[in-house]
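2 protein chains.
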Amino acid sequence: MSQDKVLLHHGSGGKQMHELIRRVILPRLSNPLLRPLADGAFLPYTDELVFSTDAFVVQPIFFPGGDIGKLSICGTVNDLLMMGAHPEYLALAFIIEEGLALPEFERVVDSIASTARKAKVTVVTGDLKVVQKGAADKIFITTSGIGRRISRGRLSAGNVEPGDSIIISGPIGNHGMAVLSCRQGLDMELRIKSDCAALTGLLLPVLRQSKGVKCMRDPTRGGIATTLNEIAAAAGVGMRIRQKDIPLLSQVGAAAELLGIDPLYLACEGNAVIIAQKKYAPGTVSLLRKHPLGRRASIVGEVCASPKGKVVLTTSVGTERIVDMLSSEPLPRIC
Amino acid sequence: MSQDKVLLHHGSGGKQMHELIRRVILPRLSNPLLRPLADGAFLPYTDELVFSTDAFVVQPIFFPGGDIGKLSICGTVNDLLMMGAHPEYLALAFIIEEGLALPEFERVVDSIASTARKAKVTVVTGDLKVVQKGAADKIFITTSGIGRRISRGRLSAGNVEPGDSIIISGPIGNHGMAVLSCRQGLDMELRIKSDCAALTGLLLPVLRQSKGVKCMRDPTRGGIATTLNEIAAAAGVGMRIRQKDIPLLSQVGAAAELLGIDPLYLACEGNAVIIAQKKYAPGTVSLLRKHPLGRRASIVGEVCASPKGKVVLTTSVGTERIVDMLSSEPLPRIC
Numbered sequence: 127m128s129q130d131k132v133l134l135h136h137g138s139g140g141k142q143m144h145e146l147i148r149r150v151i152l153p154r155l156s157n158p159l160l161r162p163l164a165d166g167a168f169l170p171y172t173d174e175l176v177f178s179t180d181a182f183v184v185q186p187i188f189f190p191g192g193d194i195g196k197l198s199i200c201g202t203v204n205d206l207l208m209m210g211a212h213p214e215y216l217a218l219a220f221i222i223e224e225g226l227a228l229p230e231f232e233r234v235v236d237s238i239a240s241t242a243r244k245a246k247v248t249v250v251t252g253d254l255k256v257v258q259k260g261a262a263d264k265i266f267i268t269t270s271g272i273g274r275r276i277s278r279g280r281l282s283a284g285n286v287e288p289g290d291s292i293i294i295s296g297p298i299g300n301h302g303m304a305v306l307s308c309r310q311g312l313d314m315e316l317r318i319k320s321d322c323a324a325l326t327g328l329l330l331p332v333l334r335q336s337k338g339v340k341c342m343r344d345p346t347r348g349g350i351a352t353t354l355n356e357i358a359a360a361a362g363v364g365m366r367i368r369q370k371d372i373p374l375l376s377q378v379g380a381a382a383e384l385l386g387i388d389p390l391y392l393a394c395e396g397n398a399v400i401i402a403q404k405k406y407a408p409g410t411v412s413l414l415r416k417h418p419l420g421r422r423a424s425i426v427g428e429v430c431a432s433p434k435g436k437v438v439l440t441t442s443v444g445t446e447r448i449v450d451m452l453s454s455e456p457l458p459r460i461c
Numbered sequence: 127m128s129q130d131k132v133l134l135h136h137g138s139g140g141k142q143m144h145e146l147i148r149r150v151i152l153p154r155l156s157n158p159l160l161r162p163l164a165d166g167a168f169l170p171y172t173d174e175l176v177f178s179t180d181a182f183v184v185q186p187i188f189f190p191g192g193d194i195g196k197l198s199i200c201g202t203v204n205d206l207l208m209m210g211a212h213p214e215y216l217a218l219a220f221i222i223e224e225g226l227a228l229p230e231f232e233r234v235v236d237s238i239a240s241t242a243r244k245a246k247v248t249v250v251t252g253d254l255k256v257v258q259k260g261a262a263d264k265i266f267i268t269t270s271g272i273g274r275r276i277s278r279g280r281l282s283a284g285n286v287e288p289g290d291s292i293i294i295s296g297p298i299g300n301h302g303m304a305v306l307s308c309r310q311g312l313d314m315e316l317r318i319k320s321d322c323a324a325l326t327g328l329l330l331p332v333l334r335q336s337k338g339v340k341c342m343r344d345p346t347r348g349g350i351a352t353t354l355n356e357i358a359a360a361a362g363v364g365m366r367i368r369q370k371d372i373p374l375l376s377q378v379g380a381a382a383e384l385l386g387i388d389p390l391y392l393a394c395e396g397n398a399v400i401i402a403q404k405k406y407a408p409g410t411v412s413l414l415r416k417h418p419l420g421r422r423a424s425i426v427g428e429v430c431a432s433p434k435g436k437v438v439l440t441t442s443v444g445t446e447r448i449v450d451m452l453s454s455e456p457l458p459r460i461c
């Protein structure tokens, strides 16, 4: 933070964002419920609830496989699921730029409605603000959600221990690549669709039936590289992953190579990283594979005692490299 | 909606906003919990909870008497109180424009922290996005909140009946006039401060002790004129209010006259409209007056059977006029 300004990379989900949060937010607002900085917070009511919020600023607002409306529902539904909760109620706050075409707004709300219906969540309250032309970019949506915890215990990075298995529920990087290809005008050629999906159907059976699940995260901004680094840092453990086992669509891999981007850093919006006790991991993978969104679920690596806080990738050619948290080129407004 | 675009007045809290919500949102998302379109929604958990969300886009972000950080806490805390709930947990989502000075961001978070501390609410989760320069205006904050209902029954406009008394807890229009004077560069001359305040201390005693409270609303965008019209429409009743009884600071009245604005339409951010059974109204006013923020609480009028859905003002000179919902000049980004 050499320049005393908030910069694009502060919002990219990687190192600089964590630094900004640790420098500005935590010293002022820290409390035991906020401190884990997870996808949501546990609220100690009679029913144990989970509370989560996310602002969606994706650009463009319509992209292959989704739009800001669908994303704004899936993102928060998935965050609740990652905390082990059954997603139930959502609140939506719209910030709209003056001049947004009404049919575009209607299309976004249509998408919100059909996604919420499929994910079986209810939008119970909301807000709508309009700002002058140029004071926002078309439409931003903040979705907050509440769900009831159904996982046996509280899922948390703090539960993760050496020996645990790392599972990824589906092919990585589709969302990030779909949005990027759209921005580059390559969407017609590459035909890559965002994986944007509410994971309710995929993950409720895991939350209800799987034993040994310790932590779940959706690898959005910063991709699985950043998510695994966050878990490793929080748990004080190392992670070893194998490139050959990480599900990746060939066209996403090819496009990433073309654009010089590591797919490990590309956002996923319909994918879960699941850390499970080793003996229960194969059962969890079988359960995931029963659902269309989990057909390619795989165990991609193991948690290890060292190197602490680091993620080590064994590449397809057998070499090893450290996979750091996203810290280079920011990919702004990917979600 | 002759032009097929979202326009500034769609966000002003008045007629056009209601029209937009009824045309775009309700047909797609309506359900029994959303339908009342109140300041929040009741969630049927074992503890009855209230869930509320608000996007804050005020411009300028620092104004006399407050800033966007303070406002973003007070606004949601007050919405929860209006629903009869004890505000407990908040979630904050920041959308920051690239280039925001870090000291400004720190000042906003300082203000959030001290306001939350005073209002005894805990920020438990959040999100932070950064968009390119020109894609937002400095900083937008969406605050969602959860509280536990402590009012005897559910407060709702639907409870309001002819014969009930209309109470206003403090002087009207201070927030709207403070922001406007600041925009006009008149803040040093007019020295009007926003009333921006969390009403927890003022209203918890009312929620706990007052009998006969039927409905509470905070008259933000569109002012008390719009709030009273909303209640009148929802309850299918008329309202009669007396100008002479409506608390108004002389400098706010003078500035409103100077700028040609009716203070009834100016946003309040530390004020409550309370509809109470007539026999209990004086007791509620006495209770309000015990608190510094309620010193000027007054009964300003009565609910009547007709004219249905209308608000009639008896002016200080004894004439009568219909006070409509805000529908003219929008005052964008007042909160």
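If you read the sequences in order, they're chains A and B.
Residues in the first sequence are numbered consecutively from 127, following the working numbering.
Residues in the second sequence are numbered consecutively from 127, following the working numbering.
Every residue gets a Cβ at the ideal spot worked out from N, C-alpha and C, and that includes glycine.
All values reported here derive from a predicted model rather than from experimental measurement.
Quick one: residues in its chain with C-beta nearer than 8 Å to the C-beta of residue i, no 5 flanking neighbours on either side, listed in chain order?
i                : result
Ser336 (chain B) : Ala402, Tyr406, Gly409, Thr410 and Leu413
Thr441 (chain A) : Gln369 and Arg447
Ser291 (chain B) : Ile401, Ala402, Gln403, Lys404, Ala407, Ile425, Gly427, Glu428 and Val429
Ile276 (chain B) : Gly210, Ala211, His212, Leu330, Leu333 and Arg334
Ala323 (chain A) : Cys200, Glu395, Gly396 and Leu419
Asp313 (chain B) : Phe189, Pro190, Ala304 and Ser307
Strictly below 9 Å CB to CB, what residues from chain B border residue i?
i                : result
Val462 (chain A) : Outside the displayed range of chain A (127 to 461) lies residue 462 (chain A), so it cannot be described from this structure.
Thr172 (chain A) : Tyr171, Thr172 and Asp173
Pro229 (chain A) : Asp130
Mind pulling the chain A residues with CB within less than 7 Å of residue i?
i                : result
Thr248 (chain B) : Asn157 and Leu159
Ser483 (chain B) : Any answer about residue 483 (chain B) is impossible in this case: the structure gives chain B only from 127 up to 461.
Glu167 (chain B) : Note on residue identity: the sequence assigns Ala, not Glu, to residue 167 (chain B). Correct list: Val250 and Thr251.
Ala239 (chain B) : Arg154 and Leu155
Met463 (chain B) : The question about residue 463 (chain B) has no answer here: the residues shown for chain B are numbered 127 through 461.
Thinking residue i and residue j are a contact (beta carbons under 8 Å), I'd like their distance in whole angstroms, please.
i                : j                : result
Asp180 (chain B) : Val234 (chain B) : About 16 Å; that fails the 8 Å criterion.
Leu375 (chain A) : Ile367 (chain A) : Incorrect: roughly 18 Å between the Cβ atoms, too far for contact.
Lys131 (chain A) : Ala227 (chain B) : 6 Å
Met303 (chain A) : Val378 (chain A) : 5 Å
Val203 (chain B) : Thr326 (chain B) : 6 Å
Arg459 (chain A) : Val184 (chain A) : 6 Å
Leu163 (chain A) : Val250 (chain B) : Contact flag wrong, Cβ pair sits at about 11 Å.
Gly195 (chain A) : Thr241 (chain A) : 7 Å
Gly260 (chain B) : Gly260 (chain A) : 7 Å
Gly273 (chain B) : Glu214 (chain B) : 5 Å
Please list, in chain order, the chain A residues whose beta carbon lies closer than 8 Å to that of residue i.
i                : result
Asp236 (chain B) : Arg154
Met451 (chain B) : The contacting residues do not exist; Met451 (chain B) stays about 16 Å from chain A at best.
Met342 (chain B) : By Cβ distance, chain A contributes nothing, its closest Cβ being about 16 Å from Met342 (chain B), past 8 Å.
Could you list which residues in chain A have their beta carbon closer than 9 Å to that of residue i, in chain order?
i                : result
Glu232 (chain B) : Arg149, Val150 and Arg154
Glu224 (chain B) : Lys131, Val132, Leu133, Leu134, His136, Gly137 and Pro458
Note down, in chain order, each residue of its chain lying with its Cβ closer than 6 Å to the Cβ of residue i, except the 5 sequence neighbours on either side.
i                : result
Ser198 (chain A) : Phe182, Ile267 and Thr269
Ala283 (chain B) : Cys341, Ile357, Ala360 and Ala361
Leu169 (chain B) : Leu175 and Phe177
Using the beta-carbon of each residue, which ones in chain B are nearer than 8 Å to residue i?
i                : result
Ile350 (chain A) : Chain B residues near Ile350 (chain A): none, gap ~19 Å exceeds 8 Å.
Between residue i and the rest of its own chain, which residues show a CB-CB distance below 7 Å, the 5 nearest in sequence each way excluded?
i                : result
Gly166 (chain B) : Val176, Phe177, Ser178, Asp205, Leu206 and Met209
Asn397 (chain B) : Ile294, Ser295, Gly296, Ile298, Asp321, Asp344 and Pro345
Pro433 (chain A) : Gly364
Lys436 (chain B) : Ala358, Gly364 and Ile448
His417 (chain B) : Gly327 and Leu328
Pro288 (chain B) : Val363, Val429, Cys430 and Ala431
For residue i, return the contacting residues in chain B, with the cut-off set at a CB-CB distance below 7 Å.
i                : result
Ile221 (chain A) : Ala181, Val183 and Phe266
- [ ] Report yes or no: do three or more beta-carbon pairs, one from the stretch 256-273 of chain B and one from the stretch 152-162 of chain B, lie closer than 8 Å?
- [x] no
- [ ] Tell me the start and end of each unbroken beta strand (DSSP E) in the stretch 244-320 of chain B that is at least 3 residues and wholly inside, in chain order.
- [x] 248-257, 265-275 and 291-294
Open item on the list: Taking contact to mean 3 or more Cβ pairs, one atom from each stretch, closer than 8 Å, check whether the stretch 130-150 of chain A and the stretch 167-182 of chain A are in contact.
Closed with: no
Open item on the list: Give the list of continuous alpha helix (DSSP H) stretches no shorter than 4 residues that lie fully inside the stretch 309-388 of chain A.
Closed with: 313-316, 326-335, 349-361 and 376-385
Open item on the list: Taking contact to mean 3 or more Cβ pairs, one atom from each stretch, closer than 8 Å, check whether the stretch 204-214 of chain B and the stretch 293-308 of chain B are in contact.
Closed with: no
TODO: With a floor of 3 residues, list each beta strand (DSSP E) that falls wholly inside the stretch 403-461 of chain B, ordered by position along the chain.
DONE: 424-430, 437-440 and 446-448
Open item on the list: Extract the residue ranges of the alpha helix (DSSP H) inside the stretch 150-179 of chain A, only unbroken runs of 4 or more that lie entirely within it.
Closed with: 152-155
Open item on the list: Under 8 Å, with one C-beta from each stretch per pair, do the stretch 387-404 of chain A and the stretch 255-265 of chain A reach the 3-pair mark?
Closed with: no
Open item on the list: My parser needs the beta strand (DSSP E) runs of 3 or more residues fully inside the stretch 188-224 of chain A; what are they?
Closed with: 211-223
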